[in-house]
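A short write-up of the structure that comes next.
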Amino acid sequence: MTENIVQYSPRGRARAIKGFLRQFLSHGGAQVGLVCLVFFLIVATMPNMLVGPLQTAINATGDFLVPPSGQHLLGTDEVGRDVLNLVVHGARISLTIALLATVISLVVGTTVGMTSGYFGGWVDTWLMRITDFFFVMPSFVLALVITPVVLEVMGRGGDILGFRPSLFVIIVVIGMTSWSFVARIVRSQTLSLKERTFIDRARVVGSSNFGIMVRHILPNLVPQIAANGALVVAGAIYIETSLSFLGLGDPLQPSWGTLLSLAQRAGAASAGAWWYLGAPGVCALTVSLSFVLIGNALDDTFNPRRRAIP
Amino acid sequence: MRDTADILRLENLQVHFPIQGGLFDRVLGRPSGAVRAVDGIDLTIGRGEIVALVGESGSGKTTVGRVITKLAQPTGGNLLFDGRDMSSERGASPLRPYRRRVQMIFQDAYQALNPRHTVFDIVAEPLRSLRLVENDAQLTERVSEALTGAGLNPPGDFFARFPHELSGGQRQRVVIAGALAVKPELIVADEPVSMLDVSIRAQILQVLVDLRDKHNMALLFITHDLPLAWLIADRIAVLYLGKLVEIGSADDITYNPRHPYTVALLNATPQIGGDADRGKLPALQGEVPSAARVPKGCRFHPRCPLAFDRCRQEEPPANEVGPRHMSACWLAK
Ligand SMILES: Nc1ncnc2c1ncn2[C@@H]1O[C@H](COP(=O)(O)OP(=O)(O)OP(=O)(O)O)[C@@H](O)[C@H]1O
Ligand code: SF4
Ligand SMILES: [Mg+2]
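If you read the sequences in order, they're chains G and F. For the first sequence, the working numbering assigns the number 310 to the last residue and increments by one with no breaks. For the second sequence, the working numbering assigns the number 643 to the last residue and increments by one with no breaks.
Quick look at the structure:
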């Protein structure tokens with residue numbers, strides 16, 4: 001008898017998941033987004049195999065600011081490093097920052113939004129006040145405040161979970177400034193979910209508040225969280241790029257934003273070195289666009305009714 | 311009425327919802343009133359007894375059910391279950407022993423089932439959260455038993471289904487199975503068949519009657535349909551605007567009604583007891599007043615064809631008009 005649970009439940013779920021995937025993958029935007037994303041993920045997972053170790057001023061292989069050629073497909077920078085090498089290694093840094101920041105933002109945003117909407121009353125009032133505070137707080141300001149503190153406490157050297165302190169700060173800052181968006185969406189969805197009769201039933205059959213939130217509300221939030229999560233990643237890449245561009249990145253672990261910043265400082269624009277600015281720029285743009293496409297496709301798949309209304 | 315000891319007793323139960331006055335009212339200092347959804351009712355349900363709670367829309371039936379199942383807090387009076395006052399208990403774990411004994415069936419089964427849970431998980435939920443089973447084998451056994459009891463055969467075929475893959479009748483059976491799995495002593499059923507096709511109603515009603523007959527569960531059957539109440543219930547309580555106007559055996563209420571409102575309800579439904587002599591009264595006029603503005607005196611007087619002066623001033627008490635038969639009317643003695 002026991003096997004029944006093990007056997008039956010996943011089968012029904014597998015059917016539901018298969019149907020969902022079929023619908024999702026038939027979406028044009030999703031296809032484009034996924035192809036781009038898979039490409040960048042492959043690039044990000046094996047940069048050393050594709051272009052060799054990250055080049056520095058010491059092991060640079062080319063001349064200064066050479067335009068694209070057979071030897072340097074994307075040209076070189078002002079110290080003779082291969083731009084393709086930098087961009088491929090940047091993919092790993094940029095994507096890791098964006099994904100980790102998104103995880104922080106989804107976990108915090110979902111927890112705060114769900115708690116706020118479910119309990120209501122003064123819990124809601126206070127949590128929403130905090131959320132609004134973070135909502136209007138510009139990430140740049142937060143980064144400027146937090147960076148020196150973290151660097152003071154941790155020191156410039158060493159690393160935190162494999163990241164140099166300044167990158168760790170960027171992850172935390174992006175996470176802290178983007179969760180409020182998630183919290184608001186999750187809260188409003190929770191407000192409508194908690195009025196549903198199945199929540200009453202859950203209470204009558206003895207479920208605790210925690211059980212109701214985890215087993216009844218959270219699974220019904222997954223569509224919103226997934227769709228908006230993809231948008232958060234897109235936003236995170238954008239914020240990461242702009243923070244690094246402003247010089248808050250780490251030159252020893254250059255992300256696309258850091259490369260843009262270096263290019264700017266090297267006068268790439270006035271020197272006509274379009275490859276140096278263009279390569280990281282196009283990458284950042286493509287990745288964040290593919291996440292937007294995926295997010296919209298997820299949203300469409302989860303809310304089929306919205307498709308009818310243009 | 312197999313056993314005279316009552317399982318549930320409501321004493322002067324009240325549920326008033328405060329009305330949030332608009333900004334204008336607050337500025338002008340107008341008193342904000344209350345919706346008197348349930349306005350002092352006394353009712354008992356015996357072990358294994360089926361009591362029907364009948365009333366028009368807005369009379370407060372659902373609110374009574376929600377108080378009994380602890381989804382709403384009473385603002386006054388007592389809720390006694392098996393002699394214990396439950397009116398101020400709250401919280402999932404303090405209520406766990408109570409919930410093992412009192413369950414609910416909902417009007418809209420589709421809304422009452424989480425669309426992301428399988429039938430197995432839905433029926434297993436009370437067994438898990440009320441800690442009624444010790445292991446998976448027991449869990450599967452109780453779930454199968456409950457599904458069979460609710461008429462879903464063979465139970466294994468339904469385990470992996472999602473609510474949207476079931477018919478309306480099957481969904482209501484799943485809700486019933488969830489309540490049944492607990493083996494409660496009292497089930498509150500809030501209009502359990504009103505959303506179902508007529509062809510399925512009889513089957514679902516049979517399942518409910520079986521609960522009593524096989525497991526001696528008491529049932530509070532909430533409905534706006536008096537003939538249905540007569541069909542299923544041992545006793546009927548008639549609710550009007552938050553107050554019980556008549557309580558009696560199903561036959562007394564149907565063939566010997568002693569409150570003008572009950573008579574009017576019966577006249578509107580000629581299918582049952584059509585030949586009984588219950589006096590010729592004109593049909594009900596007017597709308598049910600809002601529970602926010604309950605009329606003074608007898609709350610039925612604006613619509614009562616027999617109303618006289620006293621009715622407009624004084625509220626009639628519950629008069630004993632026969633054995634276990636009560637009517638709240640000045641004319642009932
Ligand atoms: N949460 C609430 N806040 C304010 N008023 C409420 C609330 N719940 C119910 N009411 C009011 O209480 C009265 C009784 O409502 P209730 O739902 O109990 O009636 P009902 O007899 O179940 O009606 P129906 O047959 O339409 O289901 C109505 O006037 C309703 O508007
Ligand atoms: S008390 Fe008066 S108004 Fe009320 S039901 Fe009886 S006769 Fe009608
Ligand atoms: Mg109702």
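For glycine and all other residues, C-beta sits at the position ideal for the given N, C-alpha and C.
#### Entry: Where residue 351 of chain F falls, given that 16 or more other Cβ within 10 Å makes a residue buried
Classification of residue 351 of chain F: buried, given that the 10 Å Cβ count is 16 or more.
### Backbone CA spacing between residue 374 of chain F and residue 348 of chain F [nearest angstrom]
Spanning the two alpha carbons is a distance of roughly 7 Å.
#### Entry: Inter-residue spacing [alpha-carbon to alpha-carbon] between residue 169 of chain G and residue 26 of chain G
In this structure, the CA atom of residue 169 of chain G is about 39 Å from the CA atom of residue 26 of chain G.
#### Entry: Through-space distance from residue 504 of chain F to residue 623 of chain F, alpha-carbon basis
Their Cα atoms are separated by approximately 37 Å.
### Task
Could you work out which residues of chain F lie near residue 200 of chain G, taking near to mean beta carbons separated by less than 7 Å?
Ordered by position in chain F, the residues that pass the 7 Å Cβ test against residue 200 of chain G are 381.
### Task
Please name the residues in the region 112-131 of chain G whose beta-carbon is closer than 8 Å to at least one beta-carbon of chain F, in chain order.
Result list empty, no residue passes.
### Query
Straight-line CA distance for residue 595 of chain F to residue 568 of chain F?
One C-alpha to the other measures close to 19 Å.
### Message
Output needed in chain order: residues of the region 181-199 of chain G with a Cβ under 8 Å from some Cβ in chain F.
### Response
Cβ contacts with chain F come from 196, 197 and 198.
### Query
Does DSSP classify residue 49 of chain G as helix, strand or coil?
Helix.
### Task
Flag residue 229 of chain G as yes if its beta-carbon sits less than 8 Å from any beta-carbon of chain F, otherwise no.
Closer than 8 Å: no.
### Query
Around the C-beta of residue 94 of chain G, are 16 or more other C-beta atoms found within 10 angstroms, so that it is buried, or is it exposed?
Taking every protein chain shown into account, the CB of residue 94 of chain G has 16 or more other CB atoms within 10 angstroms, so this residue is buried.
### Task
Confirm the yes/no value for this check: CB of residue 553 of chain F, any heavy atom of ligand 3, distance under 7 Å.
No, ligand 3 has no heavy atom inside 7 Å of this Cβ.
### Message
Under DSSP, the beta strand (DSSP E) around residue 327 of chain F begins and ends at which residues?
### Response
Taken as a continuous stretch (DSSP letters only), the beta strand (DSSP E) holding residue 327 of chain F covers 316-328.
### Query
Quick one: what's residue 550 of chain F bridged to in DSSP?
Its beta-bridge partners are F:553.
### Task
Measuring only between beta-carbons, confirm whether residue 223 of chain G sits less than 8 Å from chain F.
The beta carbon of residue 223 of chain G sits no closer than 8 Å to any beta carbon of chain F.
### Query
Is the beta carbon of residue 197 of chain G within less than 7 Å of some heavy atom of ligand 1?
No, ligand 1 has no heavy atom inside 7 Å of this Cβ.
#### Entry: Given residue 551 of chain F as reference, the closest of F:362, F:328, F:495 and F:371 once Cα atoms are compared
Considering only F:362, F:328, F:495 and F:371, the residue with the shortest C-alpha distance to residue 551 of chain F is F:371.
### Query
Can you name, in chain order, every residue of its own chain whose Cβ lies under 8 Å from the Cβ of residue 89 of chain G, other than the five neighbours on each side?
Here the set comprises 47, 51, 54 and 254.
#### Entry: Of the residues F:557, F:487 and F:620, the one placed nearest residue 355 of chain F, counting alpha carbons only
Residue 355 of chain F has its Cα closest to that of F:557, out of F:557, F:487 and F:620.
### Message
Closer than 7 Å between beta carbons: that is the criterion. Which residues of the region 405-427 of chain F meet it against chain G?
### Response
Closer than 7 Å at the C-beta level to chain G, one finds these residues of the region 405-427 of chain F: 406, 409, 413, 414, 416, 418, 421, 422, 423, 424 and 426.
### Query
Which residues mark the beginning and the end of the beta strand (DSSP E) in which residue 236 of chain G is found?
Run containing residue 236 of chain G: none in the beta strand (DSSP E); it sits in the alpha helix (DSSP H), 218-243.
### Task
Could you have a look at residue 79 of chain G and say whether DSSP puts it in helix, strand or coil?
In the three-state scheme derived from DSSP, where H, G and I count as helix and E and B as strand, residue 79 of chain G is classed as coil.
### Query
For residue 72 of chain G versus residue 83 of chain G, is the C-beta spacing smaller than 8 Å?
In this structure, residue 72 of chain G lies near residue 83 of chain G, with their beta-carbon atoms less than 8 Å apart.
#### Entry: Of the residues G:212, G:286 and G:243, the one placed nearest residue 174 of chain G, counting alpha carbons only
Nearest option by C-alpha distance: G:243.
### Message
If you reduce the DSSP assignment to three classes, tell me which class residue 252 of chain G lands in.
### Response
Residue 252 of chain G: coil per DSSP, three-state reduction.
### For review: beta carbons within less than 6 Å of any heavy atom in ligand 1
Environment of ligand 1, chain-ordered: F:327, F:345, F:347, F:365, F:367, F:368, F:369, F:370, F:371, F:372, F:373, F:534 and F:601, taking every residue with Cβ within less than 6 Å of a heavy atom.
### Query
In three-state DSSP terms, what is residue 579 of chain F?
Residue 579 of chain F falls in the coil class under three-state DSSP.
### Message
My output table needs one value for residue 205 of chain G: the three-state DSSP class, helix, strand or coil.
### Response
Looking at residue 205 of chain G - three-state DSSP - the assignment turns out to be coil, as it is neither helix nor strand.
#### Entry: Same chain, Cβ closer than 7 Å to residue 486 of chain F, five either side skipped, listed in chain order
Scanning its chain for C-beta atoms nearer than 7 Å, with the 5 sequence neighbours on each side dropped, one finds around residue 486 of chain F the residues 415, 460 and 517, in chain order.
### Query
Any idea what DSSP makes of residue 618 of chain F, helix, strand or coil?
In the structure shown, residue 618 of chain F sits in coil (DSSP, three-state: anything other than H, G, I, E or B).
### Message
According to DSSP, is residue 505 of chain F part of a helix, a strand, or is it coil?
### Response
In this structure, residue 505 of chain F counts as coil in the three-state DSSP scheme.
#### Entry: residue 489 of chain F: CB within 7 Å of a non-hydrogen atom of ligand 2
No; taking the cut-off as 7 Å, the Cβ of residue 489 of chain F has no heavy atom of ligand 2 nearer than that.
### Message
8 Å is my cut-off, CB to CB: does residue 204 of chain G come that close to chain F?
### Response
Cβ-Cβ to chain F under 8 Å: yes for residue 204 of chain G.
### Query
Can residue 521 of chain F and residue 490 of chain F be called in contact, C-beta distance under 8 Å?
Yes; because the gap between Cβ atoms is below 8 Å, this pair is in contact.
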